[in-house]
Structures are given as C-alpha cells and as structure tokens.
Amino acid sequence: MKRLVNATIHSLQGLRYTIVHEAAVRQEVIVLALAVLLGLFVAPSPAWYVAMIGVLLILLAIELLNTAIEKLSDHVTPEHHIEIGIIKDTGSAAVFCLLLLAGLVWLAAIAVRFGFF
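Going by this note's numbering, the sequence shown opens with residue 8, and the numbers climb by one from there.
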C-alpha cells in the first residue's frame, strides 16, 4: 500500500510541475477540464463520453511523455544536436497524431449527437 501511495504522490508532483512550467500541458489540462463538462452535453451515449474523455487523457499522457523526453534531452546536452532535435520532433509528432485523433473523435461524437450521421 505504501508503494501505491508513493507512486500517486510522485505522479501528482510530476503533473503539478508540468502544469506550472509547461504551457502545452497547462492548455491540455484546461481543455480536459472543460471537456469533462461539455462532453456531458455533447456525447451521444456513455460509451461516447468515455471515448471523448479517454482520448484527451491519452493526449495528456503523450504530452507528459514528450515533455519528459525534452527535459531529459536538454539535461543530456543543452547544446543544439541534430539527433536530439530529431528525437524531440518525433515526440512532438506523437502529440500531433493524438491531437488529430482527439479532433476526429470529438467531431464524430458531435456529428452523431446532432444527427449528421
């Protein structure tokens, strides 16, 4: 049980740090908070609601991993390095893919909810 409590504390510390220091994480947390409420009105069913919020949670998780990669990369070598740049760009591309997926899920939910499908 102590391990679970410690893991939770460390996870919340990491989330708090990134919310304070990373604009992208802050923006995604705000969008998630708004989506939790908006999704209640937009989601055509409970399953859709889970998908709509779930995709935003996955997006936040990928953003946190991307931030961790960037912080580690900057710690390893603060100078510009071509391979490190590629690593950072790849992490950014992962976030971009999830942004596209989140947009598709939300657009599909809206289309179903308002009878476009």
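Beta carbons are placed, not taken as given, at the ideal position from N, Cα and C, and that holds for glycine.
The alpha helix (DSSP H) enclosing residue i, as first and last residue numbers
i: serine 80; result: 53-83
i: glutamate 29; result: Where glutamate 29 is concerned, there is no enclosing alpha helix (DSSP H), given that its DSSP letter is neither H nor E.
Collapsed DSSP secondary structure at residue i in the structure displayed
i: glycine 122; result: coil
i: glutamate 86; result: coil
i: valine 101; result: The residue asked about is misnamed: residue 101 is alanine in this sequence, not valine. Helix at alanine 101.
i: alanine 109; result: helix
i: alanine 116; result: helix
Exposure label - residue i; buried when at least 16 CB within 10 Å
i: asparagine 13; result: exposed
i: leucine 67; result: buried
i: alanine 50; result: buried
i: threonine 25; result: buried
Sufficient close CB pairs (3 or more, under 8 Å) joining the stretch 66-85 to the stretch 93-107 = The way I'd put it, the stretch 66-85 does touch the stretch 93-107; three or more beta-carbon pairs between them come closer than 8 Å.
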